[in-house]
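Going left to right, the sequence shown walks through residues 131 to 293 as the numbering used here numbers them. Written below as structure tokens is the structure these notes are about.
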Amino acid sequence: MRALYPGSFDPLTNGHMDLIERAVALFGTVTVAVLSNPNKKPAFSVDQRIDQIQAATRHLDGIDVVSFDGLTVHCAATHQADLILRGLRAMSDFEYELQIAHTNRSLAADLETVFLATSTRHSFLSSSVVKEVARFGGSVDHMVPKEVAKDLNRLFNSAFPPR
Ligand code: ADP
Numbered sequence: 131m132r133a134l135y136p137g138s139f140d141p142l143t144n145g146h147m148d149l150i151e152r153a154v155a156l157f158g159t160v161t162v163a164v165l166s167n168p169n170k171k172p173a174f175s176v177d178q179r180i181d182q183i184q185a186a187t188r189h190l191d192g193i194d195v196v197s198f199d200g201l202t203v204h205c206a207a208t209h210q211a212d213l214i215l216r217g218l219r220a221m222s223d224f225e226y227e228l229q230i231a232h233t234n235r236s237l238a239a240d241l242e243t244v245f246l247a248t249s250t251r252h253s254f255l256s257s258s259v260v261k262e263v264a265r266f267g268g269s270v271d272h273m274v275p276k277e278v279a280k281d282l283n284r285l286f287n288s289a290f291p292p293r
């Protein structure tokens, strides 16, 4: 089965990675679909985000990384995905995610959305929090894959001097 995992991934965090690793074990193939939405003013370009995800998932079989704009259901059809994968961190994610899942089901009745609950240790993580910490010079090494940490340090020039 192929799961489509759509998102902004601006940037990829260890929470996203946890979901990707668990989903590939469950479904066999995961297409990570990076949303190209110029209105969101992303920190990283789509190409940078794709490079980061490819580098961080190199050790896994069954991962494709693509970009998309427009509707997720169209992206799922293009890549022949069997289901949409989304993550749930807390109740605060739930209302928004449920609304999107219902909308997508009204557009593509055969396409299920499957939610995986985040691992507890990643439940506080979001791309915005990671960017905020990096912007003010905090270490993000425990929050993101090493390729992403390097890019964040370069972007915000916040690398800690080696101890
Ligand atoms: P979007 O802008 O579409 O919400 P994100 O990149 O923020 O894109 O998130 C993509 C998906 O990954 C969403 O389903 C989100 O709930 C999930 N996600 C985000 N952070 C985590 C995390 N720490 N653990 C598990 N899932 C997460």
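The beta-carbon is built from N, C-alpha and C at its ideal position, and this holds for glycine as well. For clarity, every value in this text was computed on a predicted model and none was experimentally measured.
How many angstroms separate the CA atom of H209 from the CA atom of H272?
32 angstroms
Here's a check: name, in chain order, each residue in its chain whose Cβ is nearer than 6 angstroms to the Cβ of V244, leaving out the five neighbours to either side.
L213, L215
Decide if D199 is buried, meaning its Cβ has at least 16 other Cβ atoms within 10 Å, or exposed.
exposed
Given 7 angstroms as the limit, tell me if F294 has its C-beta closer than that to any heavy atom belonging to ligand 1.
Any property of residue 294 remains undetermined from this structure, which presents the chain solely from 131 to 293.
Would you say the beta carbon of L165 is closer than 7 angstroms to some non-hydrogen atom of ligand 3?
Ligand 3 is not part of this structure, which contains only ligand 1.
Across the stretch 149-160 and the stretch 259-271, are there enough close Cβ pairs to call them in contact, namely three or more that are closer than 8 angstroms?
no
When the distance is taken between beta carbons, is Q184 closer than 8 angstroms to V195?
yes
Cutting at 6 angstroms between CB atoms, please list the residues of its own chain near G145, excluding the five before and the five after it.
T248, H252, L255
DSSP on S197, reduced to helix/strand/coil?
strand
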